[in-house]
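Note sheet for the following structure.
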């Protein structure tokens, strides 16, 4: 860490803070000019926060040298992590998955039609929402446990893996039993209590980026899960909140490149939630492939007009098949492994 | 709701959507011009989302007329709600509270010194964090249950009410037993599962605004709690995330005015988390009073330099007493009830 | 326009506003429910602003039906506009250009080396900054007129078109004489005085998106130029400002799709300024192609380490050639016209 | 400046960059740990940009120690600057001004009624827009030169100073002749060409904060004006763009406190543009006083319903008088100098 003192900081203040940290076992290297006190704090600083420094009188600015995440860091591994879902499906390190499915599971019939379409198109993982995080208490909240049971039953019929969003740590036992991969929604990305509990699970976790999270905060959220015992984390970029309202969120594709630089974890992209517009999904998916995403997550529905949630951003089944084809051909052309 | 069709929408598309909604019991009023189909959808639209409309082919734009929140709405009550903490402390409707306390409870001794200072200064409510939501898994995570017990014991000694942040719904029983008021942190504002569970409680809830939440989303979060049975909600503005980094967040004081217009619920302001700078706290508190806030929430510490979290934004006890005095005199001058 | 009155608006207020607008020649269509007054205002509303409505007592919300831009609107033309630079270079309608060049023109020698590289790689347009908009007055401000003269001379040698950023309308005569295409920088996107003056020019204009502009504001800026007489506008997405600091700005590729839907104008992408990182440029360029961009604008430099500005986001010449090749092959594979 | 190399940076890269800067006359102080190269660059770094460093291979992060602004910096002067408008009106250093007036000058009669009201209320400066920056080319663009002449004539009648927004540097001569104080609008805050030209003027300049400018960029814009010769700069906070749409912008009152810490320049607040809602203006003005603003800028109109622009955020004359009174009494109570 580099600590810069205020212009009017006194020699005494400088001596107090440097002495204190020396006593705590850190090495101090002075970088002061003749107008300002500055020093480097060398040692294990990952448990220090900026506030631990700012409380000293005279501190103006703190700059971190080490990244605050370790186990999620590219520093740990030059090789891309490959996450296994069950024994035979992989994401990362060249393994690309198109994860499709309805925003909400509505019935066995609905889920079977969609599952069949995905299976026929060569898909391996189906998504579905059963505990729905809805902005309004008056919106459809999902089938809850019943929905997960439908998902389990139908995906067993077709040999698909399932992923669904967990609403709270007290549902973890239920999710452990019924799903293959657990999704942490954007609104729960910094639900640290939940993240810790998920660290005790062995299931792969899809960790969506928070609505206004920085990449660093996102990787620290992943670090929580890994640090508490579960290394199977897949990041999912789903758009961030900006002043632009034409799209639901602003898809940040440079985040895919940044994550590949900063971390060894796989990262996928959700163009459906990012844009909120089904007609943008195909092209944004190709763009995601272009920047090196390890997968895409797409909302589809057998009959979007009657969908109980988020129909507007769902592809119908025909559109899904067309999009799936486009993505696959695109990856083939680019000579990307599947 | 007003629904506007695309420029190239067909008469058939217009007829399909209007017929469907008429069949669902809504009244349709046409507002089309000669170049574009537009119509009003009249009836109970609070359970409709924009997506329920957008799934129809040809829809370009949906505008809501009713506010999506009802029970939190000013429409429900012209009178400001007054929330009681215990039998004798009130917030709202002219009742103003300065809620102070340490970011983290660290020990009985620490909490007793701070509690005594608050009591002596005339304060009625003390805050303290015991389950700390920390961005990094390597930062101090709080004393957890032990901290709540310390808070309970010490506040009983001094006759203070306590408020602390709940990490997850599975700690609700513990909080019911140990604290007087439950805080929902900014990162949990859209933890809908938690909000529903808090609806079953009778404790007053301080609902912090999410890091990037709109005022409408915030009031919908309050609506969740009220709708599920608990009307005792106090909103807390704590700054929103913007591109400006000089302050930790950007305090949005116009949100206080907006909430007073849109809702009957009390609203308080947290200048400590908003700015992240203890030297800004006093002036931002006075500004909060100026716009009509029903209280302020301030971080204080007996020894900020050794605080285990967020020392930089904490006032020391002397500064706190000075600030408390300033605020009280300021409100007196303005002839505001206390 | 749809105008919604406040919940407590009176019948008298409703009658006043509707009568006034009827008198101004608008048609009024009522959409009121039994709890709230709402009406449509039909006629030519493009010169009305929301504020023209809000000044009436009792108005709660105004929703525009017509897009506020006309001449830039897709409504005007289903066919994509093709903009000509000189007699033989085209952008739009399938015509794709890679525009490369240094952030700042530094000398004849530097510009010649770069121009030769671009020419050899098959490029047709070279960019170069000569009046540099720099955040600090202490940074290099560009060679100004001298730089434009160098650009003109060298590009004539190689038969390239040149584009450079105009700092102010009082330099318009100079730019008319020396460059082939005029760039409006992000910071000038809402310099309406300049936009009007550019409307009197016949040169093609590259209009960069403002740092925090909505797509609607951007298209209105284009509308200024077209409305004042110059239809030759090319939009350029260059990232928007968000809370994310890892990249210089956040590239908004969904804006390319949105612009294609809302407007007939060509749109190109500048991955260099968006990301601020040269190692992201190639992949973001491919992503831009994937979503249908009509070109990319890339910063290159013969010796980035000695560049007088923005070296960090510049490709060196070797990297440029490699990137140019990748983009061209990528477009070939996708069967896109060049 | 502190320069941190990448984790995989080589010793050779470290030696190259440190040698180069030593050769340029900077002092190098090493702060490396055993895992990462870090060094301080000591000397006059204000003309260096981060990019000048990033172009070296192996650089990961650059942290500035000196503020990039000098003449606008608090470091230059502990005393608050007092800016004179004409010989007898002052802003800063305890001198507070309420600047009121119409969004647009519409006619002599209109401006006279408003000027008289301001004069009678004890005001000394009147604002009025004559070259209006309007988002749409179809909105009223102002009376231009004619409007300035009206302002000059009427303010001479009443002995008021006038301030108006300049659209472009080629109108500077006109503004020099006709107004007492020149306003740089938010959209022109980084029109560096204009800022340089204003440096040649002797008129006081009101520099509005850009829609999405950081405080550092804003102070650098002030630095441009001062550096080019004109020290008479007054900053004006007018809200920043965020995702919140209830208010037109988000008023950032902590920016007032930040500016007072970082700079000696006066700062005023414009609650009218920030909120876009006239009913918020009074309370936000009091909040601005509470944080130490040196003035407020308020839009008023004799008949807001017929105003040619921005009526919705204007106070009528009666409201203005009431607000003026409230602010004055508020400042008296607080024992603030006027």
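Residue numbers (this note's numbering), protein chains in the order written: chain A, 402 to 739; chain B, 402 to 739; chain C, 402 to 739; chain D, 402 to 739. From the three backbone atoms N, C-alpha and C, an ideal C-beta is built for every residue, glycine too. Predicted model only: the values in this text are computed from it and were never measured.
Considering Cα atoms alone, identify which of the options is closest to residue i.
i	options	result
residue 492 of chain C	C:416, C:453, C:412, C:693	C:693
residue 573 of chain A	A:587, A:547, A:590, A:600	A:600
residue 426 of chain B	B:569, B:645, B:444	B:444
residue 485 of chain B	B:631, B:558, B:510, B:414	B:631
residue 598 of chain C	C:623, C:570, C:435, C:614	C:570
residue 525 of chain D	D:496, D:531, D:541	D:496
residue 416 of chain A	A:453, A:434, A:458	A:458
residue 529 of chain C	C:436, C:579, C:482	C:579
residue 635 of chain C	C:612, C:446, C:467, C:586	C:586
residue 501 of chain A	A:439, A:522, A:734, A:615	A:522
residue 668 of chain A	A:472, A:644, A:498, A:725	A:498
residue 540 of chain C	D:721, D:628, D:411	D:628
residue 536 of chain C	D:431, D:663, D:468, D:404	D:468
residue 626 of chain A	A:606, A:429, A:637	A:606
Considering residue i, what are the terminal residues of the beta strand (DSSP E) in which it resides?
i	result
residue 464 of chain A	460-464
residue 562 of chain C	562-566
residue 440 of chain B	439-443
residue 479 of chain A	That residue, residue 479 of chain A, is in no beta strand (DSSP E); it is neither H nor E in DSSP.
residue 343 of chain D	In the structure displayed, chain D extends from 402 to 739; residue 343 of chain D sits before or after that span and is not available.
Short check: CB of residue i to CB of residue j, under 8 angstroms?
i	j	result
residue 582 of chain B	residue 604 of chain B	yes
residue 464 of chain A	residue 406 of chain A	no
residue 617 of chain C	residue 591 of chain C	no
residue 675 of chain A	residue 658 of chain A	no
residue 551 of chain A	residue 593 of chain A	no
residue 655 of chain B	residue 685 of chain D	yes
residue 564 of chain A	residue 584 of chain A	yes
residue 691 of chain B	residue 682 of chain B	no
residue 480 of chain C	residue 702 of chain C	no
residue 621 of chain B	residue 470 of chain B	yes
So which residues on chain C does residue i lean against when the C-beta distance must stay under 7 angstroms?
i	result
residue 484 of chain A	Those do not exist, as residue 484 of chain A stays about 22 angstroms from chain C at its closest Cβ, beyond 7 angstroms.
residue 481 of chain A	Those within 7 angstroms of residue 481 of chain A in chain C number zero; the least Cβ separation is about 16 angstroms.
Can you tell me the Cβ-Cβ gap for residue i and residue j, rounded? I've got them flagged as a contact below 8 angstroms.
i	j	result
residue 374 of chain B	residue 516 of chain B	Not covered by the structure: residue 374 of chain B. The range shown for chain B is 402 to 739.
residue 670 of chain D	residue 689 of chain D	4 angstroms
residue 577 of chain B	residue 472 of chain B	Incorrect: roughly 22 angstroms between the Cβ atoms, too far for contact.
residue 456 of chain B	residue 503 of chain A	Between residue 503 of chain A and residue 456 of chain B the Cβ distance is about 13 angstroms, and since that is not below 8 angstroms, they are no contact.
residue 611 of chain C	residue 649 of chain C	With 8 angstroms as the limit, residue 611 of chain C and residue 649 of chain C do not qualify as a contact, their Cβ atoms being about 15 angstroms apart.
Could you work out which residues of chain B lie near residue i, taking near to mean beta carbons separated by less than 9 angstroms?
i	result
residue 536 of chain A	450, 469, 591, 593, 617, 618, 621, 622
residue 588 of chain C	Those within 9 angstroms of residue 588 of chain C in chain B number zero; the least Cβ separation is about 15 angstroms.
Would you kindly report the start and end of the unbroken alpha helix (DSSP H) that includes residue i?
i	result
residue 501 of chain C	Not the alpha helix (DSSP H): residue 501 of chain C falls in the beta strand (DSSP E), residues 498-502.
residue 618 of chain B	616-628
residue 697 of chain A	Looking at the DSSP string, residue 697 of chain A is not in any alpha helix (DSSP H); the run it does join, the beta strand (DSSP E), is 696-700.
residue 741 of chain A	Missing from the structure shown is residue 741 of chain A; chain A here goes from 402 to 739 and no further.
Can you list the residues of chain B that residue i reaches, using a CB-CB cut of under 7 angstroms?
i	result
residue 405 of chain C	466
residue 693 of chain D	684
residue 628 of chain A	538
Using a cut-off of 7 angstroms between C-beta atoms, extract the partners of residue i located in chain D.
i	result
residue 643 of chain A	644
Could you work out which residues of chain F lie near residue i, taking near to mean beta carbons separated by less than 8 angstroms?
i	result
residue 666 of chain D	This model lacks chain F altogether; the protein chains it does include are A, B, C and D.
Interface residues of chain B around residue i at Cβ under 8 angstroms?
i	result
residue 476 of chain C	408
Using a C-beta to C-beta distance shorter than 7 angstroms, which residues of chain A count as neighbours of residue i?
i	result
residue 441 of chain D	432, 439
Interface residues of chain C around residue i at Cβ under 9 angstroms?
i	result
residue 558 of chain D	By Cβ distance, chain C contributes nothing, its closest Cβ being about 28 angstroms from residue 558 of chain D, past 9 angstroms.
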